[in-house]
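Trainee: Residue numbers (the UniProt record's numbering): 1 to 404.
No residue lacks a Cβ here, since even glycine has one placed at the ideal position from N, Cα and C.
In this text, all values refer to a predicted model and were calculated from it rather than measured experimentally.
Okay, handing you the structure first.
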Ligand code: PMP
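Shown next as structure tokens:
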């Protein structure tokens, strides 16, 4: 059981007012809030040991390096990677996916195929389209159904000896569907294809085990899981990371540089050119510590309670339609009111201090599938309450009255 009062006290932002009303923050799928424990780590870094890392001979540089590398071990342990050097710091999920997509440029031939799912965020579509443009490879799509689930029998048909790569999100940001990634990975491996899982939306809710999943690449952003923006990670199996060429050239990623020839550093530094987000990396580790101390099982159970409560209350509103009705779902509800534009509802809710997201949620193909311009998305975190859901439901009822 979560101690909600204690948890909410950890998040200073939750006690602020917006438009004269207590903030109700239901935009967690876009960015989660930051607990004081993580804010303290950020303040401590800039107050006490801000310095560039690696190769520094002085004390501050050593301290910053030790903490940055310790955070890499925290991330490794959290995702159960076999080696710390299989964890590459990036600026976030988007950067991680682009790094892998770029690396595959030299590995794909024009006759190859790569498979994406219909449920993806644009950042797990566009880099692969760009890869296809560079290589001549073909992009195939696993379709979805009206519940917002992937049609796995169609996936079976798409897989062949031509398939080199499959990339799919663990949880959809637009609908909240939890995809059967273990099955997707096993089937891809049977035809010799590698799999990248976009874990941006899964990591705030569950603790992925990359070895148990046997996934080849797993990517995430710190800001979705109580950490700061501008930092994230790429997990890659050592053999894959060794196969991929570096993404960016620069300092830190080299072994030796001459004008005739440059050799690259070993993992993980080969993929970490330039001065990284040092404070961000350390704070990412602190965010993971915070979430583990809270407990992922308790988080998932409570968020499910919030999801069930909100789903029931929202469905009581006449003319409200929820998109994404899979039984395998996390605490994201995408919905619309009949004949009312989602943006108008979002604007009225904001006046009441209620933060939701409206629009296509960077998943235009999903909106096209449902033939809608967008949805209103309320996404709940473990620090939200049923009282806040009541405020949302009342707000929507008022918005409906005003806009009908
Ligand atoms: N994939 C999914 C499923 C996401 O929800 C997001 C963020 N909305 C991203 C990728 C991109 O993450 P970032 O903007 O942190 O790179």
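Please report the residue range of the beta strand (DSSP E) in which residue 322 lies.
Mentor: 320 to 323
Trainee: Below 7 Å, is the gap between the Cβ of residue 379 and the nearest heavy atom of the ligand PMP?
Mentor: Outside the cutoff, so no.
Trainee: List, from N- to C-terminal side, the beta strand (DSSP E) runs of 3 residues or more that fit wholly inside the region 196 to 275.
Mentor: 217 to 221, 232 to 236, 254 to 257, 262 to 264
Trainee: In whole angstroms, give me the CA-to-CA distance for residue 350 and residue 237.
Mentor: 44 Å
Trainee: Less than 8 Å between the beta carbons of residue 291 and residue 96, yes or no?
Mentor: No, Cβ-Cβ distance for residue 291 and residue 96 is not below 8 Å.
Trainee: Evaluate residue 35 with the Cβ neighbour count: other Cβ atoms within 10 Å of its Cβ, from every protein chain shown; 16 or more gives buried, anything less gives exposed.
Mentor: buried
Trainee: Verify the contact flag: residue 145, CB atom, against every heavy atom of the ligand PMP, threshold strictly below 7 Å.
Mentor: no
Trainee: Name the one or two DSSP bridge partners that residue 377 has.
Mentor: 334, 357
Trainee: CB of residue 28 to nearest heavy atom of the ligand PMP: below 7 Å?
Mentor: Checking every heavy atom of the ligand PMP against the Cβ of residue 28, none is found closer than 7 Å.
Trainee: Under 7 Å from any heavy atom of the ligand ZN, does the C-beta of residue 200 make it?
Mentor: Ligands in the displayed structure: the ligand PMP; the ligand ZN is not one of them.
Trainee: Do residue 165 and residue 193 come within 8 Å of each other at the CB atom, strictly closer than that value?
Mentor: yes
Trainee: So residue 208 and residue 382 are in contact, right, with Cβ under 8 Å, and what is the actual spacing, rounded?
Mentor: 17 Å between Cβ atoms; not a contact.
Trainee: Which whole-angstrom value describes the C-beta separation of residue 26 and residue 355, a residue pair presumed to lie in contact below a C-beta threshold of 8 Å?
Mentor: A Cβ-Cβ distance of about 6 Å is found for the pair residue 26 and residue 355, placing them in contact under the 8 Å criterion.
Trainee: Taking 7 Å as the cut-off, is the C-beta of residue 226 nearer than that to any heavy atom in the ligand PMP?
Mentor: no
Trainee: Residue 90 by DSSP, collapsed to three states: which one?
Mentor: strand
Trainee: Quick one: what's got a C-beta closer than 6 Å to residue 267's C-beta in the same chain, skipping five residues either side?
Mentor: 85, 241
Trainee: When the Cα of residue 274 is compared with those of 249, 378, 258, 214, which residue comes out closest?
Mentor: 249
Trainee: Verify whether the separation of the beta carbon atoms of residue 119 and residue 150 is less than 8 Å.
Mentor: yes
Trainee: Using a threshold of 8 Å, state whether the C-beta atoms of residue 89 and residue 279 are closer than that.
Mentor: No, these two residues do not count as a Cβ contact at 8 Å.
Trainee: Alpha carbons only, please: which of 213, 122, 254, 137 is nearest the one belonging to residue 113?
Mentor: 137
Trainee: Give me the residue from 142, 295, 342 with the minimum Cα distance to residue 7.
Mentor: Nearest Cα to residue 7 within the set 142, 295, 342: 295.
Trainee: Just reading off the alpha helix (DSSP H) that residue 397 is part of, what are its end residues?
Mentor: It spans 386 to 403 - the alpha helix (DSSP H) in which residue 397 sits, taken as one unbroken run.
Trainee: Bridge partners for residue 169 per DSSP, in chain order?
Mentor: 198
Trainee: Do three or more CB pairs link the region 217 to 236 to the region 280 to 290 at distances below 8 Å?
Mentor: yes
Trainee: Is it the case that the CB of residue 123 approaches a heavy atom of the ligand PMP more closely than 7 Å?
Mentor: Yes; taking the cut-off as 7 Å, the Cβ of residue 123 has a heavy atom of the ligand PMP nearer than that.
Trainee: Mind reading off the beta-carbon distance from residue 121 to residue 169? Whole number of angstroms is fine, and I expect it under 8 Å.
Mentor: Residue 121 to residue 169, Cβ: 7 Å. Contact.
Trainee: Using C-beta distances below 8 Å, list every residue in its chain close to residue 247, excluding the 5 sequence neighbours before and after it, in chain order.
Mentor: 98, 99, 102, 103, 271, 273
Trainee: I want to check one thing, is the minimum distance from the CB of residue 203 to the heavy atoms of the ligand PMP below 7 Å?
Mentor: no
Trainee: Using only CA atoms, which one of 361, 372, 368 lies nearest to residue 379?
Mentor: 361
Trainee: Roughly how many angstroms separate the alpha carbons of residue 334 and residue 143, rounded to a whole number?
Mentor: 19 Å
Trainee: For residue 291, does the three-state DSSP call read helix, strand or coil?
Mentor: helix
Trainee: State the CB to CB distance for the pair residue 229 and residue 31, rounded to an integer number of angstroms; the pair is presumed to be in contact (CB under 8 Å).
Mentor: 7 Å
Trainee: Assuming residue 213 and residue 178 form a contact by the criterion Cβ under 8 Å, report the distance between their Cβ atoms to the nearest whole angstrom.
Mentor: Not really, about 13 Å apart at Cβ, beyond 8 Å.
Trainee: Ignore the nearest five residues each way along the sequence and tell me which others in residue 346's own chain have a CB closer than 8 Å to its CB.
Mentor: These residues qualify, in order along the chain: 356, 357, 358, 376.
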